[in-house]
Amino acid sequence: MSDVKRNVSSNPHIRGNDSTAKIMLTVVIALLPAAGYGVWHFGLRALMHILVTVATCVIAEGLFCVATKKKNTVKDFSAVVTGLLLAMNLPVSAPWWIGVLGGLFAIIIVKMLFGGLGQNFMNPALGARCFLLISFPKLMTDFSYDGFSGATPLAELKNGNAVDLRAMVTGNIAGTIGETSMIAIVIGGCILIMAGVIDLYVTGTYLIAFTAFILCFGGHGMDLQFLSAHLAGGGLMLGAFFMATDYVTRPVTKKGQIIYGIFVGVLTGIFRLFSPAAEGVSYAIIFGNLLVPIIEKFTIPKCFGKGGEAR
12 MSDVKRNVSS
22 NPHIRGNDST
32 AKIMLTVVIA
42 LLPAAGYGVW
52 HFGLRALMHI
62 LVTVATCVIA
72 EGLFCVATKK
82 KNTVKDFSAV
92 VTGLLLAMNL
102 PVSAPWWIGV
112 LGGLFAIIIV
122 KMLFGGLGQN
132 FMNPALGARC
142 FLLISFPKLM
152 TDFSYDGFSG
162 ATPLAELKNG
172 NAVDLRAMVT
182 GNIAGTIGET
192 SMIAIVIGGC
202 ILIMAGVIDL
212 YVTGTYLIAF
222 TAFILCFGGH
232 GMDLQFLSAH
242 LAGGGLMLGA
252 FFMATDYVTR
262 PVTKKGQIIY
272 GIFVGVLTGI
282 FRLFSPAAEG
292 VSYAIIFGNL
302 LVPIIEKFTI
312 PKCFGKGGEA
322 R
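Sequential numbering of the sequence shown, starting at 12, is according to the working numbering.
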C-alpha cells in the first residue's frame with residue numbers, strides 16, 4: 012500500500028471544486044441585477060451607498076485580521092457580499108455614514124468577533140440592518156428620493172390602500188436600494204440556482220409557508236392581488252434567495268432547512284400582518300438564525316453505534 016493510501020487526513024474526506032471565493036463571487040454576480048436596477052432607479056446616491064458600504068466592510072475585515080494577526084480573509088469576497096447586501100437594504104435618502112456604521116457593526120461585531128466566516132451566529136448584513144433600524148428608525152424608514160416622499164407599497168397595503176402591482180414587480184416604487192425590483196431579484200436568484208450555489212429547500216419552503224400564512228390569516232381569503240403584492244413587496248424575495256440561504260446561518264440538513272424555511276416564512280407573515288411595522292423579513296430571518304442550533308440538534312442524524320440506524 013502506498014503512503015498516499017495510508018495517509019488519513021481530517022474530515023471532510025470528499026471535497027468539491029468550489030472555493031469560498033468562487034461561491035461568494037457568484038453571489039456578487041447574482042446581486043448585480045438588483046443592485047444595478049437600484050442605481051438606475053435611485054441615481055448616483057445609491058451607487059455612493061454601495062461603494063461606501065462595501066469599502067467599509069472590506070477595509071474593516073482587513074484591518075481586523077492585521078490587528079489580531081489572523082489570516083487575511085478579504086480575498087474570499089465574503090466581506091464584499093456583506094457590504095453589498097447591507098447597502099441594498101439601505102434607503103437611498105440615508106446619510107453616507109449609515110453604511111459606514113452598519114458595515115463596521117456587520118464585520119467586527121457580528122462576524123469577526125465570533126471567529127470570522129463560518130463562526131457567526133447570524134447573517135452579518137441582516138444583523139447590521141436590524142441594529143440600524145433600532146438605532147436610527149427615522150433614517151432607516153425614510154424612503155423619500157428625488158423630491159418624492161411617500162409610503163412604501165407594503166405600508167399602503169397595511170393601511171388598506173390599493174397598490175400598483177405592476178410597479179412593484181418592475182421596481183418603480185419607493186423602498187430600499189436593492190429590494191424594489193422583484194424581477195431583478197428573481198433573475199439573481201435563478202443565477203444562484205443554475206450555478207448550484209443554492210437549492211429550493213430553504214427558499215421554496217420559505218415562500219410556500221409565507222403564502223399559506225397570508226392566505227389563511229391575511230383577511231382577504233384567496234385574493235391573489237393581495238397575495239401577489241405581499242410576495243412582490245419589501246425584502247421578501249431578497250431575503251428568500253440571498254439571506255435566508257446563507258450557508259453559515261442556515262441548518263446543514265435538508266430536513267432542518269425545511270423546518271427553518273417554514274419557521275421563517277410563518278414568522279415573516281406574523282410580523283407583516285400583526286406588527287405595527289409593514290415589513291418583517293429581516294427580524295424573521297434573524298430569529299431563524301438564532302434557532303438553527305436547536306433545529307440541527309433534532310435533525311442531524313446520529314452516528315451508527317450512538318443511537319443511529321445502520322445504512
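Glycine residues also receive a C-beta, built at the ideal position from the N, C-alpha and C atoms.
Ranking Ala71, Thr222, Thr310 by CA distance to the CA of Lys265 puts Thr310 first.
At least 9 angstroms separates the beta-carbon of Val213 from that of Thr279. Val292 is positioned such that its CB atom lies closer than 9 angstroms to that of Gly246. For His241, the enclosing alpha helix (DSSP H) has its first and last residue at 235–243. DSSP places Tyr258 outside both helix and strand once states are collapsed to three, so it counts as coil. The alpha-carbon separation between Ala41 and Ala78 amounts to approximately 32 angstroms. Around the CB of Met205, fewer than 16 other CB atoms lie within 10 Å, so the residue is classed as exposed. By the neighbour-count definition (other C-beta atoms within 10 Å, threshold 16), Ile269 is a buried residue.
When the alpha-carbon of Pro102 is set against those of Lys82, Thr64, Thr260, Asp87, the nearest one is in Thr64.
Below 8 angstroms, too few C-beta pairs join the region 132–151 and the region 192–202 to call them touching: fewer than three. Of all alpha-carbon atoms in Val208, Gly232, Ile118, Leu165, the one lying nearest the alpha-carbon of Ala288 is that of Leu165.
In this structure, Val263 sits near Glu307, with a CB-CB distance shorter than 9 angstroms. Rounded to the nearest whole angstrom, the C-alpha separation of Thr181 and Ala66 is 29 angstroms.
The beta carbon of Leu176 lies closer than 7 angstroms to those of Gln236, Ser239, Ala240, Ala243 in the same chain, with the five residues before and after it left out. For a cut-off of 8 angstroms, the C-beta gap from Leu96 to Ala136 is around 4 angstroms, short enough to register as a contact. A Cβ-Cβ separation of about 5 angstroms places Ala90 in contact with Val69 under the 8 angstroms criterion.
Secondary structure of Pro102 (DSSP, three-state): strand. Distance from the Cα of Phe88 is smallest, within the candidate group Met233, Cys201, Ile118, for Ile118. With 16 or more other Cβ atoms inside 10 Å of its own Cβ, Ala139 counts as buried. For Thr163, the three-state secondary structure derived from DSSP is coil. DSSP lists no beta-bridge partner residue for Tyr48. Contact annotation: Thr84 and Gly113 have beta-carbon atoms that are not nearer than 9 angstroms. If the five residues before and after Thr31 are omitted, its C-beta is found closer than 6 angstroms to the C-beta atoms of Asp87, all from its own chain and listed in chain order. Annotation for Asn300: the continuous alpha helix (DSSP H) segment containing it runs 292–310. Secondary structure note for Lys149: its alpha helix (DSSP H) is the uninterrupted segment 148–151. Here Asp157 really is in contact with Gly54; their C-beta atoms are around 7 angstroms apart, less than 8 angstroms. Here DSSP, grouped into helix, strand and coil, assigns Thr264 to coil. Contact between Ala98 and His60 is confirmed by a C-beta separation of about 5 angstroms, below the 8 angstroms threshold. Between Phe125 and Asn131, the gap from beta carbon to beta carbon is short of 9 angstroms.
Cβ-Cβ separation between Leu302 and Phe274: approximately 7 angstroms, consistent with a contact (criterion under 8 angstroms).
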